[in-house]
Amino acid sequence: MSRLIDELKKLPGIGSKSAQRLAFYILRSSDEDAEALAAAVRDVKANLRLCSTCNNITDVDPCVYCSSATRNQRLVCVVEEPTNIAAIEKTKHFNGVYHVLHGSISPLHGIGPEQLRIANLMRRVEGEQVDEVIIATNPTVEGEATAVYLSGQLRRPGLKVTRIAMGIPVGSDIEYADEITMLKAMEGRREL
Amino acid sequence: MALKESEAIVLRTYDLREADLLVTLFTRAEGKVRGVARSAKRSKRRFGGALEPLTYVRAYYEDRERQELARLDSCEVLESPLAAEVSYPRAVALGHVAELLDELLPDREANDTVFRLALSVLAGLRGPDIWMPVTYFELWMTRLMGYLPELSECMVCGRTLNGSRAYFHALADGLMCPEDKRLASSEMSVESRGLAAQMFRAPVESFAGTPWPKRQGADLRKFLIQTLQRHIEKKLVTAGMLERIGT
Ligand SMILES: [Zn+2]
Ligand SMILES: [Zn+2]
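So the sequences go chain by chain: P and D.
Going by my numbering, the first sequence opens with residue -6, and the numbers climb by one from there.
Going by my numbering, the second sequence opens with residue 10, and the numbers climb by one from there.
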């Protein structure tokens, strides 16, 4: 039991209390449920890997996006984490493909550009397989540092590099926007 | 308990539970304060961009009975590092300022001199040139923390080093003359000792605008980082990253 609690505690966002609660839940659950959980954990490690083209987590290589015939393979959206893809897919309006960096530049954590998965993006760009790269890293200091760094690396004739807009959330009120959000919204304004 | 208000610089944030952030602030009123920003991760409405590292804010927080962590109520942005372009060297330099403040300052002890130093160096780091403000900040932090040895005399024999060569070593607490230097010492140039003397006499703004390549004062920075690391007994993550940046 304490072994299970110790293992659960290693998960992000799980403290001692949560780990105990989860462990007791598993203890009380049916044999089938517990076995299904264990099998799912085993399978995720055994079958999932990174797409060799875009670094997305996948069970087939290349992943569903990179192998899709209906997606625009020349339009690449760069995100920090695989989970960010779901957020963009939800819009149902993006028909390009992705590139996952698996992190962002974070000096306080010792993470520089060398630690990010950039090499295969550069290979795609150098092979002239890309018309536009949309940089969709987070609107934070780390995400901005990553975007600025990438845009410098990607700069070459014939390749468009764009950054997603930052600004006022839809449905909110300009009155409550902080000064930096407002400034970014002004910078990112568009012609009507 | 009553809500406190203070100017502050956000040093770093850590994820805490599902939606909360643990925030380290360098407040003008009370020095380094740790607080919890409830739901800051999920709902950005209350804090917006105010909790990004190195944001200069007006913070409202309250202490909770028998608890070490304050409750961070809200933050108003006074100046954000995101207002200027975040190049990679600038990101590392900003991280360096945050790491030094976080590692060197004690909890809950106001230090207005360091606060003013940090603000002026952050202003100096708005542009793309980082080496002058970084050198200035390391030098003054080392001195204000009381870790800076006398730079004009040999720590072994006491002889003046003015006009003579000077050496330093990772395990020694000061500069040494050519006779007393240890094996594998590095040299600190006359120019860099001159720079340090100038920086003690003038505000950071007065050095702005003059070109300052990475090699200028590199020996001084190495000496300062070694001195700081010896006192805090650990490696500074951002020091190595700064070193790997090109000119
Ligand atoms: Zn893929
Ligand atoms: Zn001597």
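Note that CB positions come from ideal geometry on N, CA and C, so glycine has one too.
query                                                                                                : result
Residue of D:Gly203, D:Ala205, D:Val165, D:Gln207 minimising C-alpha distance to D:Pro187            : D:Val165
P:Pro55 beta carbon near ligand 1 (any heavy atom closer than 7 Å)                                   : yes
Straight-line gap, P:Lys83 to D:Ala119 (C-alpha atoms, nearest Å)                                    : 48 Å
Where P:Leu43 falls: helix, strand or coil (DSSP)                                                    : strand
Contact with chain D by P:Asp171, beta-carbon distance below 8 Å                                     : yes
Any non-hydrogen atom of ligand 2 within 7 Å of D:Asp189 CB                                          : yes
Contacts of P:Pro106 in chain D (Cβ-Cβ under 9 Å)                                                    : Tyr97
Within chain D, the residues that P:Met137 reaches when beta carbons sit closer than 7 Å             : The sequence as given places Glu at residue 137 of chain P; Met does not occur at that position. Within 7 Å Cβ-Cβ: Leu91, Val95.
6 Å Cβ shell around P:Arg156 - same chain, five flanking residues per side excluded                  : Ile128, Ala140
For P:Val93, the nearest candidate out of P:Ser99, P:Asn113, P:Gly120 (CA to CA)                     : P:Asn113
Whether D:Arg43 touches D:Ala79 by CB criterion (8 Å)                                                : yes
Bridge-paired residues (DSSP) for D:Asp24                                                            : D:Leu30
C-beta contact flag for D:Thr151 and D:Leu157 at 8 Å                                                 : yes
For P:Glu172, three-class secondary structure by DSSP                                                : helix
Limits of the unbroken alpha helix (DSSP H) element including P:Glu119                               : 112 to 119
Cβ separation of D:Met197 and D:Cys163, assumed to be a contact under 8 Å, to the nearest whole Å    : Contact doesn't hold; Cβ gap of about 12 Å is too wide.
Sequence-distant residues of its chain with Cβ nearer than 8 Å to D:Leu114 (five each side left out) : Phe35, Gly40, Lys41, Asn120, Val123
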